[in-house]
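Take the sequence shown: its letter number 24 is residue 1205 in my numbering, and every next letter is one higher. Backbone N, C-alpha and C define an ideal beta-carbon position, used for all residues, glycine too. Note that this is a predicted model, so its numbers are computed, not measured. Report on the following structure.
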Amino acid sequence: RKGVGRSFTQATQEQRESVSYSKLHLRKDKVKNKSVLDLGCNSGWIGKYSIEAGCQRYLGLEKNWRYLDDCADIGVPAAKFDLNEMYKWKEKFDIVLCLATFHYIKDRELFIKSVKNITNELFVLETPVYNGGDTGLMRQEDLEKLLNKYFSEVKYIGESVSPTLDVKLSKRLIYHCLV
1182 RKGVGRSFTQ
1192 ATQEQRESVS
1202 YSKLHLRKDK
1212 VKNKSVLDLG
1222 CNSGWIGKYS
1232 IEAGCQRYLG
1242 LEKNWRYLDD
1252 CADIGVPAAK
1262 FDLNEMYKWK
1272 EKFDIVLCLA
1282 TFHYIKDREL
1292 FIKSVKNITN
1302 ELFVLETPVY
1312 NGGDTGLMRQ
1322 EDLEKLLNKY
1332 FSEVKYIGES
1342 VSPTLDVKLS
1352 KRLIYHCLV
């Protein structure tokens, strides 16, 4: 089986960076010698980039077995885990990433509280926000209120690259949250 993740090794550096830290406004030196936990790691591209950038330890958590196979194909450590049970996770990491998965979480406040408890330095959140229609997404002001409740400093970084053409439903925002 050829997994989605295999194409990473054939991608150019520019392509790698376009789906990795550059869109999150993180420099490679920010993860060097740091532990990184990736919540909803998908096929492992961010993990591969984190490892190449010199992170001390990387672990991706993913619910979907297909993506876990892709991570294994490119040598990225990942474990099966349902993010709705984040409150059960106890191991701390310097940097915790949550990219395009937050809107799937059932109890968002419990999730954010749990993530704060396992983050040593920085939590990076990329998530779509409510922009009209019946989407089930949080409004930007409600999201910021929630983040500010648990983190000492919340920086709105800007909009991320949207993976779809439907900008109205897929506007994604990036936040850097300091413990």
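Expressed to the nearest angstrom, what Euclidean distance is found between the alpha-carbon atoms of residue i and residue j?
i, j, result
"Tyr1356", "Phe1304", "8 Å"
"Ser1231", "Gly1221", "15 Å"
"Val1360", "Met1319", "22 Å"
"Ser1216", "Gly1317", "32 Å"
"Val1277", "Asn1312", "26 Å"
"Glu1302", "Glu1272", "14 Å"
"Asp1275", "Lys1209", "14 Å"
"Tyr1337", "Leu1205", "11 Å"
"Glu1198", "Ala1281", "Bear in mind that the predicted position of Glu1198 carries a pLDDT of just 49, short of 50, making it too unreliable to give a figure here."
"Asn1223", "Val1257", "11 Å"
"Met1267", "Trp1226", "22 Å"
"Glu1233", "Lys1287", "33 Å"
"Ser1341", "Leu1207", "13 Å"
"Leu1218", "Ile1255", "17 Å"
"Cys1358", "Cys1279", "11 Å"
"Asn1298", "Leu1291", "11 Å"
Just to confirm, are residue i and residue j a CB contact at a threshold of 8 Å?
i, j, result
"Val1389", "Gln1321", "In the structure displayed, the chain extends from 1182 to 1360; residue 1389 sits before or after that span and is not available."
"Gly1241", "Ala1253", "no"
"Glu1243", "Lys1229", "no"
Could you tell me which of the options sits nearest to residue i, measuring between CA atoms?
i, options, result
"Leu1327", "Val1296, Lys1352 and Ser1224", "Val1296"
"Ile1293", "Trp1270, Gly1313 and Asn1312", "Trp1270"
"Ala1353", "Glu1307, Lys1330 and Cys1236", "Rather than Ala, the amino acid found at residue 1353 in this sequence is Arg. Per the Cα distances, Glu1307."
"Arg1238", "Leu1280, Lys1213 and Arg1247", "Lys1213"
"Tyr1331", "Glu1340, Lys1273 and Thr1300", "Thr1300"
"Asn1265", "Asn1298, Glu1272, Arg1289 and Val1257", "Arg1289"
"Asp1263", "Gly1256, Cys1236, Ser1341 and Leu1249", "Leu1249"
"Gly1235", "Asn1245, Lys1211 and Asn1223", "Lys1211"
"Phe1283", "Gly1225, Leu1324 and Ile1255", "Leu1324"
Quick check on the burial criterion: 16 or more other C-beta atoms within 10 angstroms. Buried or exposed for residue i?
i, result
"Ser1333", "exposed"
"Asp1251", "buried"
"Asn1329", "exposed"
"Trp1246", "exposed"
Tell me the start and end of each unbroken alpha helix (DSSP H) in the region 1237-1316 that is at least 4 residues and wholly inside, in chain order.
1246-1254 and 1289-1299
List, from N- to C-terminal side, the beta strand (DSSP E) runs of 3 residues or more that fit wholly inside the region 1203-1228.
1216-1220
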